[in-house]
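**Student:** Structure in structure tokens, see below.
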Amino acid sequence: MTRTARAFWLDSPGRGVIRDVALPGPGPDEVLVRTLFSGVSRGTETLVFHGRVPENQYAAMRAPFQEGDFPGPVKYGYLNVGVVEEGPDALAGRTVFCLFPHQTRYVVPAAAVTPVPSDVPAGRAVLAGTVETAVNALWDAAPLAGDRIAVVGGGMVGCSVAALLARFPGVRVQLVDADPARAKVAEALGVGFASPAEALGDRDLVVHASATEEGLARSLELLRPEGTVVELSWYGDRRVALPLGEAFHSRRLTLRGSQVGTVSPARAGTRTYADRLALALDLLADPALDALVTGESAFAELPDLMPRLASGAVPALCHRIRYDD
Numbered sequence: 001m002t003r004t005a006r007a008f009w010l011d012s013p014g015r016g017v018i019r020d021v022a023l024p025g026p027g028p029d030e031v032l033v034r035t036l037f038s039g040v041s042r043g044t045e046t047l048v049f050h051g052r053v054p055e056n057q058y059a060a061m062r063a064p065f066q067e068g069d070f071p072g073p074v075k076y077g078y079l080n081v082g083v084v085e086e087g088p089d090a091l092a093g094r095t096v097f098c099l100f101p102h103q104t105r106y107v108v109p110a111a112a113v114t115p116v117p118s119d120v121p122a123g124r125a126v127l128a129g130t131v132e133t134a135v136n137a138l139w140d141a142a143p144l145a146g147d148r149i150a151v152v153g154g155g156m157v158g159c160s161v162a163a164l165l166a167r168f169p170g171v172r173v174q175l176v177d178a179d180p181a182r183a184k185v186a187e188a189l190g191v192g193f194a195s196p197a198e199a200l201g202d203r204d205l206v207v208h209a210s211a212t213e214e215g216l217a218r219s220l221e222l223l224r225p226e227g228t229v230v231e232l233s234w235y236g237d238r239r240v241a242l243p244l245g246e247a248f249h250s251r252r253l254t255l256r257g258s259q260v261g262t263v264s265p266a267r268a269g270t271r272t273y274a275d276r277l278a279l280a281l282d283l284l285a286d287p288a289l290d291a292l293v294t295g296e297s298a299f300a301e302l303p304d305l306m307p308r309l310a311s312g313a314v315p316a317l318c319h320r321i322r323y324d325d
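Counting from 1, one number per residue, gives the positions in the sequence shown under the numbering used here.
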């Protein structure tokens with residue numbers, strides 16, 4: 001039996017639409033999920049919405065259940081929480097997270113969904129994909145007890161990293177952002193806050209997530225000699241200039257990339273993608289992470305909402321999408 005669902009598509013750069021899509025019945029090893037919430041990952045989805053994914057990154061940037069191709073038409077997204085309506089007994093009726101786009105119902109392999117722990121509300125679980133990015137970044141960064149750390153860029157990823165770092169014993173964390181409104185988020189997460197001009201220097205580690213040239217240059221300035229910047233920003237098709245001719249060499253600084261598409265080499269031999277996502281969901285039991293959800297809209301509003309999120313007219317970390325049917 002073929003059913004229908006509704007899905008948000010980027011019809012062309014800057015223009016989103018909701019389409020009816022055919023929905024097959026689930027097979028023996030598949031699940032039918034009714035979506036409760038999805039999340040707009042503002043940084044990445046803004047680049048996709050504006051058609052700014054570089055052609056040589058089309059394959060690397062594909063979401064697990066993406067349909068269509070960049071720059072469009074394309075169905076893109078990866079923060080989805082729903083209830084299993086049909087599927088194996090072990091999953092039937094369970095609330096699950098899946099790396100699926102914005103769609104009212106969908107059918108995927110049972111192995112593609114991860115049960116949400118009972119102590120994690122469904123509305124908070126949409127953050128799992130971003131917290132998973134933060135977990136991978138910290139596997140790459142390997143912070144030590146007592147480290148002095150700055151997180152430059154108070155977006156969704158930067159705030160997730162800061163929230164996890166706040167749990168490390170003796171670590172002093174400062175969230176650095178040009179927007180003074182991020183101070184309230186930092187307070188909710190239990191970390192310090194500063195503007196770029198006022199940020200504390202002599203940091204052992206800086207995690208950069210502002211996706212700006214100025215932020216990355218400032219990150220290098222904040223390091224102690226032989227310190228490390230872990231770069232989490234995705235710049236799309238933009239080129240970035242850095243002051244590598246100043247104190248970069250004399251202070252023996254390190255700039256290291258981190259990307260969630262692969263499990264960090266520090267854990268690749270002992271952890272799978274499923275392990276990493278399950279850990280992220282466990283960490284979401286902390287109610288402080290609710291500070292990362294800064295707005296909510298109904299699914300039907302997405303075509304009008306996405307241009308305003310992409311332009312910054314609607315300021316957001318994670319904007320949650322609610323499904324009412």
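Here a beta-carbon is modelled for each residue, glycine too, at the ideal position from N, C-alpha and C. Note that this is a predicted model, so its numbers are computed, not measured.
Could you tell me which residues DSSP pairs with T254 in its beta bridges?
**Tutor:** T228
**Student:** Under a Cβ-count criterion, where at least 16 other Cβ atoms within 10 Å of its own Cβ denotes burial, should S12 be classed as buried or exposed?
**Tutor:** exposed
**Student:** For the ligand NAD, is there a heavy atom less than 8 Å away from the beta-carbon of V173?
**Tutor:** Here there are no bound small molecules, and the ligand NAD is not part of this structure.
**Student:** Enumerated in chain order, which unbroken segments of the beta strand (DSSP E) with a length of 3 residues or greater are wholly contained in the segment 30–98?
**Tutor:** 30–41, 80–86 and 95–98
**Student:** For E30, count the other beta carbons within 10 Å of its own beta carbon; 16 or more makes it buried, fewer makes it exposed. Which is it?
**Tutor:** Around the beta carbon of E30, a 10 Å sphere encloses 16 or more other beta carbons of the protein chains shown; the residue is thus reported as buried.
**Student:** Straight-line CA distance for V230 to A178?
**Tutor:** Answer to the nearest angstrom: the Cα atoms are 19 Å apart.
**Student:** Run through DSSP, which three-state label would T294 get?
**Tutor:** In this structure, DSSP gives T294 an extended state, which the three-state scheme calls strand.
**Student:** Less than 9 Å between the beta carbons of V33 and V116, yes or no?
**Tutor:** no
**Student:** Need the endpoints of the beta strand (DSSP E) that A288 sits in, please.
**Tutor:** Looking at the DSSP string, A288 is not in any beta strand (DSSP E), and its letter there is neither H nor E.
**Student:** Using the three-state DSSP reduction, which class does A125 fall into: helix, strand or coil?
**Tutor:** helix
**Student:** Quick test of the definition: if touching needs 3 or more C-beta pairs under 8 Å, does the segment 143–151 touch the segment 203–221?
**Tutor:** yes
**Student:** For E132, count neighbouring Cβ atoms within 10 angstroms of its own Cβ and tell me buried if that reaches 16, exposed if not.
**Tutor:** The residue is buried, with at least 16 neighbouring Cβ atoms inside 10 Å.
**Student:** Expressed to the nearest angstrom, what Euclidean distance is found between the alpha-carbon atoms of P169 and A163?
**Tutor:** Spanning the alpha carbons of P169 and A163 requires a straight line of approximately 13 Å.
**Student:** What's the gap between the Cα of R252 and the Cα of P225?
**Tutor:** 6 Å
**Student:** Within 10 angstroms of its Cβ, does N56 collect 16 or more other Cβ (buried), or is it exposed?
**Tutor:** Exposed, because fewer than 16 other Cβ atoms sit within 10 Å of the Cβ of N56.
**Student:** Given a threshold of 16 other Cβ atoms within 10 Å of its Cβ, counted over all protein chains shown, does G153 qualify as buried or as exposed?
**Tutor:** buried
**Student:** Closer than 8 Å by C-beta to P54: which residues in its own chain qualify, once you throw out the five before and the five after it? Chain order, please.
**Tutor:** G236 and D237
**Student:** Output the distance between the C-alpha atoms of D290 and R94, rounded to the nearest integer angstrom.
**Tutor:** 22 Å
**Student:** Please work out which residues of its chain come closer than 8 Å, Cβ to Cβ, to A300, disregarding the five sequence neighbours upstream and downstream, and give them in chain order.
**Tutor:** Here the set comprises I18.
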